[in-house]
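Accompanying notes for the structure given below.
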Amino acid sequence: MSGKTTQIRNLVLIGHGGSGKTSLAEALLFGAGATSRLGKVDDGSSVLDYEPEEIKRNITISSAFHHYQWKKHTVYVGDTPGDDNFLADTRAALHVADAAVVVVDAVDGVKVGTEKVWSTANQYRLPRLVFINKMDRERADFNQVLKEIREVLEVQAVPIMVPIGREAGFKGVVDLISQKAYLASGSATKLEAGPIPDDLKDEVEALRGDLLNFAAESDDVLIEKFLEEGELTPEEIYQGLRVGTLNGNFVPVLCGATHNNLGYPLLLDAINFYLPSPEDRGQIKGQDPVKQAEVALDPDPDSPLAAQVFKTVADPYAGRLSIFRIYSGVMNADSTVLNATRAVPERFGQLFLLEGKGQKAVPSLGPGAFGAVAKLKETVTGDTLTSEATPLILPAILPSRPMVTFALEPKKQGEEDKVFSSFSKLIEEDPSLALTRNAETKEILLSGVGSVHIEATAEKLKRKFGVEVNLKPPKVPYRETIKGTVKVQGKHKRQSGGRGQYGDTWLELEPLPKGSGFEFVDKIVGGAIPKQYIPSVEKGIAEAKNTGILAGFPVVDFRVTLYDGTFHDVDSSDMAFKIAGSKGFKKGCEQANPTLLEPIMKMVVTVPEENMGDIIGDLNGRRGRVLGVEADGRQQVVTAHVPMSEVLLYAPDLISKTGGRGTYEMEFDHYEEAPPHLAEKIIAEAKVEKEKE
Ligand SMILES: Nc1nc2c(ncn2[C@@H]2O[C@H](COP(=O)(O)OP(=O)(O)OP(=O)(O)O)[C@@H](O)[C@H]2O)c(=O)[nH]1
Ligand SMILES: [Mg+2]
Numbered sequence: 000m001s002g003k004t005t006q007i008r009n010l011v012l013i014g015h016g017g018s019g020k021t022s023l024a025e026a027l028l029f030g031a032g033a034t035s036r037l038g039k040v041d042d043g044s045s046v047l048d049y050e051p052e053e054i055k056r057n058i059t060i061s062s063a064f065h066h067y068q069w070k071k072h073t074v075y076v077g078d079t080p081g082d083d084n085f086l087a088d089t090r091a092a093l094h095v096a097d098a099a100v101v102v103v104d105a106v107d108g109v110k111v112g113t114e115k116v117w118s119t120a121n122q123y124r125l126p127r128l129v130f131i132n133k134m135d136r137e138r139a140d141f142n143q144v145l146k147e148i149r150e151v152l153e154v155q156a157v158p159i160m161v162p163i164g165r166e167a168g169f170k171g172v173v174d175l176i177s178q179k180a181y182l183a184s185g186s187a188t189k190l191e192a193g194p195i196p197d198d199l200k201d202e203v204e205a206l207r208g209d210l211l212n213f214a215a216e217s218d219d220v221l222i223e224k225f226l227e228e229g230e231l232t233p234e235e236i237y238q239g240l241r242v243g244t245l246n247g248n249f250v251p252v253l254c255g256a257t258h259n260n261l262g263y264p265l266l267l268d269a270i271n272f273y274l275p276s277p278e279d280r281g282q283i284k285g286q287d288p289v290k291q292a293e294v295a296l297d298p299d300p301d302s303p304l305a306a307q308v309f310k311t312v313a314d315p316y317a318g319r320l321s322i323f324r325i326y327s328g329v330m331n332a333d334s335t336v337l338n339a340t341r342a343v344p345e346r347f348g349q350l351f352l353l354e355g356k357g358q359k360a361v362p363s364l365g366p367g368a369f370g371a372v373a374k375l376k377e378t379v380t381g382d383t384l385t386s387e388a389t390p391l392i393l394p395a396i397l398p399s400r401p402m403v404t405f406a407l408e409p410k411k412q413g414e415e416d417k418v419f420s421s422f423s424k425l426i427e428e429d430p431s432l433a434l435t436r437n438a439e440t441k442e443i444l445l446s447g448v449g450s451v452h453i454e455a456t457a458e459k460l461k462r463k464f465g466v467e468v469n470l471k472p473p474k475v476p477y478r479e480t481i482k483g484t485v486k487v488q489g490k491h492k493r494q495s496g497g498r499g500q501y502g503d504t505w506l507e508l509e510p511l512p513k514g515s516g517f518e519f520v521d522k523i524v525g526g527a528i529p530k531q532y533i534p535s536v537e538k539g540i541a542e543a544k545n546t547g548i549l550a551g552f553p554v555v556d557f558r559v560t561l562y563d564g565t566f567h568d569v570d571s572s573d574m575a576f577k578i579a580g581s582k583g584f585k586k587g588c589e590q591a592n593p594t595l596l597e598p599i600m601k602m603v604v605t606v607p608e609e610n611m612g613d614i615i616g617d618l619n620g621r622r623g624r625v626l627g628v629e630a631d632g633r634q635q636v637v638t639a640h641v642p643m644s645e646v647l648l649y650a651p652d653l654i655s656k657t658g659g660r661g662t663y664e665m666e667f668d669h670y671e672e673a674p675p676h677l678a679e680k681i682i683a684e685a686k687v688e689k690e691k692e
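Numbering follows numbering that gives the first Met the number 0, in which position 542 of the sequence shown is assigned residue number 541; successive positions increment by one, without gaps.
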């Protein structure tokens with residue numbers, strides 16, 4: 000395995016939803032002979048889109064990995080989701096990849112989804128190729144899409160081929176470097192070479208001129224030769240383009256149609272020519288957890304092991320599968336590695352090379368590989384696996400923030416715990432989910448990137464763990480408080496057969512500032528109530544305040560002063576004083592101008608400039624208060640306080656108002672008095688609920 004790291008490629012396909020990434024990946028695999036038949040997304044035969052949730056929706060939900068051999072190169076490829084709901088998986092794959100092939104639809108052009116994955120690839124400085132796909136579709140327009148790529152993605156896009164014909168008449172491409180036309184031949188891997196069609200000669204010449212300039216500019220020796228001779232050999236062009244691509248100075252653009260086997264045989268070559276080997280990506284750097292110092296390792300099989308787990312798949316039967324990318328060193332089957340992130344050794348048996356739906360057991364894997372092992376005990380997504388002797392922790396994978404929250408209710412009563420435990424397993428698989436239990440509303444809350452994300456997760460839960468749930472908007476945790484000060488008597492007296500019950504208290508209730516909670520003050524003098532019963536009075540109030548008199552929500556921000564009372568030598572007891580306190584508290588609340596409080600969220604909404612007016616208007620319409628607006632590049636960041644009840648389903652509205660460009664984060668900020676009309680409605684609803692019980 001040694002010495003060949005330069006002939007390894009590690010890349011992921013990225014692009015907007017439906018641009019043809021999975022189809023193209025299937026075509027590459029089939030074209031290179033890694034699969035024996037061409038998998039298709041449309042009939043469910045794709046080896047990459049194989050999960051039932053993916054087949055049902057005809058989209059990629061979960062990234063999938065495979066590998067092929069092409070002209071002495073070993074290529075590890077990942078296919079990623081383009082849909083907004085599942086971009087967390089795409090980002091994790093970009094975190095570990097060496098390069099990307101960006102698939103753009105020849106009709107739709109650059110979409111918001113393209114911009115999103117492009118900017119993530121920028122963050123990781125990934126060299127990339129662009130493939131303009133679906134040249135066979137009606138209204139396919141190579142030049143228009145090229146223009147959009149340059150303008151919207153702000154990149155030097157350099158076509159290395161031009162299409163011959165378009166739409167139904169799309170027949171092939173002219174390779175600008177070899178200056179040959181390649182036409183579909185009926186074979187999956189071979190194109191028929193021929194002369195450049197006459198009507199394309201001028202365009203080819205002009206574009207080739209640009210291409211030579213770009214190639215020459217990458218290298219001082221080349222530019223000298225180019226200036227002297229005005230020409231470069233194909234090898235020199237490849238070399239120049241490769242350097243410029245790896246530096247990120249420009250991006251070579253290819254085109255084709257996966258449906259007609261057109262274009263991707265040249266993409267197989269281009270991946271080998273222009274995309275980096277692990278060696279080109281340079282040393283991998285991490286932190287030594289013991290010495291607290293930076294460690295750098297060569298991407299070499301002879302270096303110590305460094306691999307990062309970037310994905311975990313939960314399987315109810317086979318256990319967890321940890322998917323990783325190896326940066327340096329070699330991972331062997333049946334061995335022990337160190338999980339440097341958690342400082343624990345992890346032992347495993349078989350080592351797998353991923354093949355989409357399937358896995359192949361292999362004795363070892365080296366730099367650049369996407370591999371997997373099952374049943375690691377402590378390892379989770381993001382962890383670094385290393386050798387015992389050279390521990391290091393690689394940079395963490397940034398999690399996606401959940402935007403949408405639903406309450407989960409098991410379809411079968413009594414399955415709450417099962418729902419909780421099986422969801423916890425799914426979260427290991429998908430860190431963009433968050434699961435919490437709201438102590439106040441008693442609901443299980445699931446947060447995710449979007450509603451399709453949550454729905455698909457619920458389907459997966461049913462398939463993998465046999466648990467079915469209903470999804471509902473979460474309940475709003477309202478609260479109650481008092482606005483007036485009152486003095487009341489709370490008395491509990493019962494005379495029955497034997498020993499009676501007697502407790503008598505005088506309480507003063509008064510409001511406290513927001514956020515103060517509950518205070519109890521004992522001002523009993525002269526033994527009006529014996530000391531031992533006073534904690535019982537407090538306990539009675541502390542319990543009673545959990546269900547307020549208006550709508551049953553907890554009562555907050557008030558003080559109760561116990562200032563007088565009476566007792567009975569025989570009949571008084573802890574219990575009697577507890578009940579007396581509770582009765583007095585309830586009576587006091589009724590008289591002290593009780594009000595309903597609603598939770599106010601702090602929202603930070605990031606939207607393109609042109610949507611700002613619309614978004615602010617919408618927040619005002621939701622009873623929001625805009626606190627400020629700040630520019631962040633071409634985006635505007637709006638900060639606002641908005642009642643929680645108005646933004647339970649904010650994500651879909653934001654998405655439709657901004658064409659998918661807007662994002663937001665929110666967190667609880669404080670409580671405020673609910674407006675009377677709303678309070679009345681909530682109190683009425685609570686009454687109905689109570690009667691049902
Ligand atoms: N006409 C035409 N259709 C294509 C081509 N490539 C893919 N398609 C179709 O486009 C649709 C989407 O293709 P996918 O390969 O699933 O696209 P994707 O980018 O993987 O989609 P997501 O994973 O959901 O983001 C499918 O119906 C494909 O058959 C092409 O070259 N020409
Ligand atoms: Mg796909």
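Where a beta carbon is used, it is the ideal one built from N, C-alpha and C, also for glycine.
In the DSSP annotation of this structure, the continuous segment of the beta strand (DSSP E) that includes VAL294 starts and ends at 292-296.
Of the residues ARG207, ILE614 and ILE396, the one whose Cα lies closest to the Cα of GLN634 is ILE614.
What you get when you keep residues with a C-beta closer than 5 Å to any heavy atom of ligand 2 is LYS20, THR21 and THR59.
Each of LEU375, GLY465, ASP297 and GLU427 was checked against the Cα of LYS411, and the nearest Cα belongs to GLY465.
Judged by DSSP secondary structure, TYR670 falls within the beta strand (DSSP E) whose first and last residues are 662-672. Contact fails between the stretch 457-472 and the stretch 321-338, because fewer than three Cβ pairs, one in each stretch, are under 8 Å apart. Judged by DSSP in its simplified three-state form, GLN412 adopts coil rather than helix or strand. Taking the Cβ of GLY164 as the reference point, every heavy atom of ligand 1 lies at 7 Å or farther away. Shortest gap from the CB of ARG136 to any heavy atom of ligand 1: under 7 Å.
Closer than 7 Å to some heavy atom of ligand 1: that describes the Cβ of ASN132. For the set VAL336, ILE159, GLU227 and GLY30, the Cα lying nearest the Cα of PHE249 is the one of ILE159. The beta carbon of THR440 is closer than 6 Å to those of LYS474 and PRO476 in its chain, skipping five residues each way along the sequence. The stretch 263-312 is shown to contain whole beta strand (DSSP E) runs of 3 or more residues at 283-287, 292-296 and 305-312, in chain order. For GLY370, the three-state secondary structure derived from DSSP is strand.
Remark: the shortest separation between the CB of HIS258 and any heavy atom of ligand 1 falls under 7 Å.
With a cut-off of 7 Å, the C-beta of PRO598 is classified as distant from ligand 1, since no heavy atom of the ligand falls inside that distance. A straight line joining the alpha-carbon of LEU93 with that of GLU454 spans about 25 Å.
Closest option to GLY616, judged by alpha-carbon separation, among LEU653, ALA313 and THR594: LEU653. Here SER321 carries a strand assignment [DSSP, helix/strand/coil].
A direct Cα-to-Cα measurement between ALA33 and TYR75 gives close to 11 Å. Looking from the CA of THR435, the closest CA among VAL451, LEU407 and SER450 belongs to LEU407.
When beta bridges are read from the DSSP output, CYS254 appears opposite ILE131. A Cβ-Cβ contact shorter than 8 Å links LEU221 with ALA214. Bounds of the beta strand (DSSP E) holding ARG558 are 557-565. Relative to ligand 1, the beta carbon of SER184 is positioned no closer than 7 Å to any heavy atom. For the options GLU150, LEU561, GLU428 and THR5, the alpha carbon positioned closest to that of GLU507 is the one of LEU561.
With a cut-off of 7 Å, the C-beta of GLY14 is classified as near ligand 1, since at least one heavy atom of the ligand falls inside that distance. Leaving aside the five residues that flank HIS15 on each side, the residues in its chain whose CB is nearer than 6 Å to its CB run, in chain order, GLY81, LYS110, GLY112 and THR113.
In the DSSP annotation of this structure, the continuous segment of the alpha helix (DSSP H) that includes PHE576 starts and ends at 573-590.
ASP82 has its CB nearer than 7 Å to a heavy atom of ligand 1. Within the stretch 520-559, the complete alpha helix (DSSP H) segments of 4 residues or longer fall at 533-543, listed in chain order.
With fewer than 16 other Cβ atoms inside 10 Å of its own Cβ, HIS676 counts as exposed.
A check of alpha carbon separations from LEU190 across ASP197, ALA180, GLY526 and VAL312 identifies ALA180 as the nearest. Annotation for HIS94: the continuous alpha helix (DSSP H) segment containing it runs 86-95.
In this structure, LEU375 places its C-beta atom within 8 Å of the C-beta atom of PHE347. By the Cβ neighbour-count rule, GLU688 is exposed, with fewer than 16 other Cβ atoms within 10 Å of its own.
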